[in-house]
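Residue numbers (my numbering), protein chains in the order written: chain A, 2 to 318; chain B, 4 to 304.
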Amino acid sequence: MSQVDTTTNAGQLLAAASGGRRRLGDRVFSRTAVVAAVTILALLAGVAIFLVAEGFPAFTAGASELPEGKSFIDYAAPLAFGTVLASAIAALVAVPLAVGVALFITHIAPQRLALTLGYLVDLLAAIPSIVYGLWGIFVLGPAAVPVLKWLEEKLGWIPIFEGPASATGRTMLVAGLVLAVMILPIVSAVAREVFAQTPRKLMEGAQALGATRWEMIRMTVLPFGKSSVISGAMLGLGRALGETMAVTIILSVSGAVTFNLISQANPSTIAANIALNFPESSGLAINALIATGLVLFAITLVTNMAARAVIARQNHE
Amino acid sequence: MESATLTRPSTLLAGGLGWRRRAVNITMTVLITAAFVLALIPLISLVFEVAKRGIPGLSLEFFTEDARGQIGEGGGASHAIVGTLVITAVASVISVPIGIMAAIYLNEYGEGRLRRALTFFVDVMTGIPSIVAGLFAYALFELFLGPGIRLGVMGSVALSVLMIPIVIRSAEEVLKIVPDHLREAAYALGTPKWKTITKVVLPTAFAGLVTGVMIAVARIVGETAPLLVTTGVVDSMNTDPFNGRMQNLAVYAYNEYRSPGVFKQAAYDKAWAAALTLIAIVMLLNIAARLVYRHYKTEIR
């Protein structure tokens, strides 16, 4: 860092020493860079300001003017519940899987294959969400129907599998699973990076003491990567919270607030609700949808900031 | 004899490698490998299903005709393909200069509060849900052009919100690895800073910058949600982003699925064909990005 600073200063001194015309070029160029930086801050401020301005009428409007004749809180709460539920399922499924994938690539697969295998998993992140949606409803949903039936019959005494099992697979569980596939590459990329950085001496020390490969992983790699994996999980959660199309297509919604994951009656999510209703809405309904968008923005912002805070604390240590 | 003395200390220390530890080790290795295989199943299934279901819908018509007045079979998605290209191109024209200049600011000029603020808010921007970016673009244009407005350029603005942070992050990474001794050599020759950046730093980083931009384009070209609320739905060709609704491939696929009409299978075929076309575009961009990087990267020593 200090090295960069000294070169900067030297360059500026030289440039300053070599006459006005050059300094003009420097001024124009550095101003342009600053303008670009400020534009981005302005853009982000714009996002917040416009969403607040357009969402505000819905906060103050009476229940009778809003869609479904409910107050804004009553309108948005089930959506927020559905959003968090779907993302929680996604994170619960994706995180252990992602840790496994990362461990496999960094410590079990042959070194020569590691790059290629990592690239394969990254490909999952490149697939557009609309494709995940179509895949979810035409392939995974129908394939899941017998599994959902089985869950209802054998594990129906657990409230989340109470049923009646959906005959189409358009359930919260399937939507959560598709979200899990979508966030898997992000979480595993973060985990992979930190697992690969485990200090060699720790791993060799464990092995020198006679640890098996799993014991070595459990005693050195996992503790070393723990906080990064947590922040990666939260980044993935943030992505799942805001994911729209897959849920819009897959989930059959009824507005019910329920933890029942395998039935046809599900709460919608904020993002899916916007995608479903925005194109046909007008007037105050638009404001209400934008206000829910603001709520979503706030939820993802808090999640992402928490993730960054974990990373920052760990870098500090 | 020799080998016995070699193994003994470690077995003593670890309490002997009994069958239990061995079994746990094998079980965990199998579980970890299974996790990896499990993660690949959706990828394989996705690629296979999209290819299988997408190919029947592909035809010359799909690429050459729009959907105007078309019912059931027939008609194409040329309007959606052109729309995707126009919307993405405009988004890139907005995002690439701003993103790269901001990365130059962060890496070459930035200091103090503005730099810290920018680093922080670029992180925040990375986390904006795509549908929220769409709502922002709608709210922005609605204010000036009235409610219910739908334009191609609105979609581009929404996509820019998503694209700019990706461009900045990748450009920053690339600029960071340009070695300082190149800058120092230029300064030693009396080159002003801006010329050092434009004639030394940027050319050195060029391949990386192009790769980063291509990957950013690949990330936004398949976006659906922000376009659903900004560019609207239309059946005919529109090449003017500043005038009227504009279709694109992702929204086209969604609509063919959502409102298939009477000829369900024909509509579903077209939805899958659009999905396949999108995946092909994304994969081509990713592969091209790798090739560019491999062929044109400057040797940095």
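Backbone N, C-alpha and C define an ideal beta-carbon position, used for all residues, glycine too.
Give me whichever residues DSSP pairs with residue i in a beta bridge.
i: A/V254; result: A/N267
Short of 8 angstroms in beta carbon distance, which residues of its chain neighbour residue i, apart from the five on each side in sequence? Order them along the chain.
i: A/A257; result: P79, A266, N267, P268
i: A/T84; result: L242, T270, I271, A272, L297, I300
i: B/T242; result: V85, V89
i: A/T8; result: Note that A/T8 has pLDDT 49, beneath the 50 cutoff, so the model's placement of it is unreliable and the number below is only indicative. Closer than 8 angstroms at the Cβ level, and outside the excluded window around A/T8, lies no residue.
i: A/L156; result: F162
i: B/R297; result: none
i: B/E175; result: A106, L109, N110
i: B/V236; result: R248, Q250, V254, N258
i: A/N278; result: P68, A286, L290
Which residues in the same chain have their Cβ closer than 7 angstroms to the Cβ of residue i, if we skip the five residues on either side of it in sequence?
i: A/A289; result: A59, L67, P68, F73, Y76
i: A/P186; result: V122, D123, L125, A126
i: A/V35; result: none
i: B/L287; result: none
i: A/T304; result: M235, L238, G239, L242
i: B/R56; result: W275
i: A/S255; result: A266, N267
Tell whether a beta-carbon distance below 8 angstroms holds between residue i and residue j.
i: A/F196; j: A/A126; result: no
i: B/A208; j: B/L178; result: yes
i: A/F162; j: A/I275; result: no
i: A/R171; j: A/I131; result: no
i: B/R24; j: A/T213; result: yes
i: B/E259; j: B/A283; result: no
i: B/V213; j: B/V160; result: no
i: B/Y306; j: B/T233; result: Within the shown structure, residues of chain B are numbered from 4 to 304, placing residue 306 of chain B beyond reach of any answer.
i: B/P314; j: B/L154; result: Past the boundaries of the shown model lies residue 314 of chain B; chain B is included only from 4 to 304, so the question cannot be answered.
i: A/A168; j: A/V146; result: yes
i: A/S31; j: B/Y112; result: yes
i: B/G158; j: B/L109; result: no
i: A/L135; j: A/I250; result: yes
i: B/F65; j: B/A80; result: yes
i: B/N251; j: B/T67; result: no
i: A/A46; j: A/A181; result: no
i: B/Y255; j: B/A105; result: no
i: A/G119; j: A/R193; result: yes
i: A/G237; j: A/A92; result: yes
i: A/L302; j: A/L52; result: no
i: A/P129; j: B/L138; result: no
i: B/A120; j: A/L203; result: no
i: A/A176; j: A/L149; result: no
i: B/N152; j: B/I101; result: Per the sequence shown, the amino acid found at residue 152 of chain B is Ile instead of Asn. No, these two residues do not count as a Cβ contact at 8 angstroms.
i: A/G26; j: B/K202; result: no
i: B/A142; j: A/E55; result: yes
i: B/T32; j: A/I109; result: yes
i: B/P132; j: A/S283; result: no
i: B/S98; j: B/V170; result: yes
i: B/R71; j: B/D238; result: yes
i: B/V265; j: A/V48; result: no
Tell me whether residue i, by its Cβ, gets closer than 7 angstroms to a heavy atom of the ligand HEM.
i: B/V33; result: With respect to the ligand HEM, the structure offers nothing, as it holds no ligand at all.
Short of 6 angstroms in beta carbon distance, which residues of its chain neighbour residue i, apart from the five on each side in sequence? Order them along the chain.
i: A/F225; result: T199
i: A/A115; result: I106
i: B/G211; result: V177
i: B/I134; result: A228
i: B/A292; result: T214, M217, I218
i: B/T129; result: P168
i: A/M246; result: S130, I131, G134
i: A/E222; result: Reading off the sequence, residue 222 of chain A comes out as Val, not Glu. So the list reads F196, T199, once near-sequence residues are dropped.
i: A/A286; result: P68
Checklist entry - Closer than 9 angstroms, Cβ to any Cβ of chain A: which residues of the stretch 225 to 248 of chain B, in chain order? => result Within the stretch 225 to 248 of chain B, the qualifying residues are G225, E226, T227, A228, P229, L231, V232, G235, V236.
Checklist entry - If you pair each beta-carbon of the stretch 301 to 311 of chain A with each one of the stretch 232 to 251 of chain A, do three or more pairs fall below 8 angstroms? => result A contact exists between the stretch 301 to 311 of chain A and the stretch 232 to 251 of chain A.
Next on the checklist: Can you confirm whether the stretch 93 to 109 of chain B touches the stretch 213 to 229 of chain B when touching is taken to mean that 3 or more C-beta pairs between the two stretches lie within less than 8 angstroms?
Outcome noted: The stretch 213 to 229 of chain B vs the stretch 93 to 109 of chain B: in contact.
Item to check | Segment contact, 8 angstroms Cβ cut-off, at least three pairs: the stretch 98 to 116 of chain A with the stretch 35 to 44 of chain B | outcome: Taking a cut-off of 8 angstroms on C-beta distances, the stretch 98 to 116 of chain A touches the stretch 35 to 44 of chain B, as three or more cross pairs fall below it.
Next on the checklist: So if I threshold CB-CB distances at 9 angstroms, which residues from the stretch 194 to 216 of chain B count as touching chain A?
Outcome noted: Those residues of the stretch 194 to 216 of chain B placed with their C-beta closer than 9 angstroms to a C-beta in chain A are T194, P195, K196, W197, K198, T199, I200, T201, ordered along the chain.
Next on the checklist: I want to know whether the stretch 42 to 61 of chain B touches the stretch 267 to 281 of chain B - three or more CB-CB distances under 8 angstroms.
Outcome noted: Result yes; three or more Cβ-Cβ pairs closer than 8 angstroms.
Item to check | Where the stretch 112 to 131 of chain B meets chain A: residues whose CB sits under 9 angstroms from a CB there | outcome: The stretch 112 to 131 of chain B vs chain A, Cβ under 9 angstroms: Y112, G113, E114, L117, R118, A120, L121, F123, F124, V125, D126, V127, M128, T129, G130, I131.
Next on the checklist: By the 7 angstroms beta-carbon criterion, what residues does the stretch 154 to 187 of chain B contribute toward chain A?
Outcome noted: For the stretch 154 to 187 of chain B, which is checked against every Cβ of chain A, the residues closer than 7 angstroms are V164, I167, D183, R186, E187.
Checklist entry - Going along the stretch 223 to 237 of chain A in order, which residues come within less than 7 angstroms of chain B, judged by CB to CB distance? => result Those residues of the stretch 223 to 237 of chain A placed with their C-beta closer than 7 angstroms to a C-beta in chain B do not exist.
Item to check | Short-range partners of chain B found in the stretch 35 to 64 of chain A, where Cβ spacing is below 8 angstroms | outcome: Residues are counted here when their Cβ sits less than 8 angstroms from a Cβ of chain B; for the stretch 35 to 64 of chain A these are V35, V36, A37, A38, V39, T40, I41, L42, L44, L45, G47, V48, F51, L52, A54, E55, given in chain order.
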